[in-house]
Amino acid sequence: MKARNTKQLELIWSAVRSDSSHPTADQVYSQVRKKSPRISLGTVYRNLQKLAADGKLQILMLGRSQRFDPLVARHQHFICERCDRVFDVVVERAKELKPAKLPHAGFKVTSHQVAFYGVCERCAR
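3 is the number of the first residue of the sequence shown in my numbering; add one for each residue after it.
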């Protein structure tokens with residue numbers, strides 16, 4: 003049983019790494035099913051969460067949708083408002099980004115996500 007889970011985890015990890023579009027769980031599921039037709043969507047979700055917990059990928063919350071990004075180094079994203087594709091963007095000095103004032107003194111910022119929205123080159127044509 004353990005070997006099967008390891009194989010499934012590897013297939014899922016490989017699918018995320020090979021897809022630069024920051025795929026959703028459904029997109030990863032579609033890719034993995036080509037090699038492992040019996041895998042369930044629940045298994046894909048659980049393994050994506052495990053990969054995130056292990057620090058191998060980050061979860062992007064874009065609206066109500068989760069996207070998965072294997073690039074865990076600090077970076078931001080550009081989201082096309084027409085096709086919903088997500089692109090990695092490196093912003094200089096992003097490390098220094100912090101809120102000027104939080105709503106309450108007891109708040110503690112643990113992370114942040116910055117996203118730029120617009121129209122990608124392909125959609126702009």
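Ideal Cβ placement from N, Cα and C applies to all residues, glycine included. From a predicted model like this one, the values you see are computed outputs, not experimental measurements.
DSSP places R69 within a strand segment (E or B) once states are collapsed to three. Between A27 and Y47, the beta carbon gap of about 5 Å places them in contact (Cβ cut-off 8 Å). Assignment of beta-bridge partners to G120 by DSSP yields C82.
Just measuring C-alpha positions, the residue of Q10, F89, T112 sitting nearest F70 is F89.
Contact between the region 77-86 and the region 105-119 is present: 3 or more CB-CB pairs across the two stretches fall below 8 Å.
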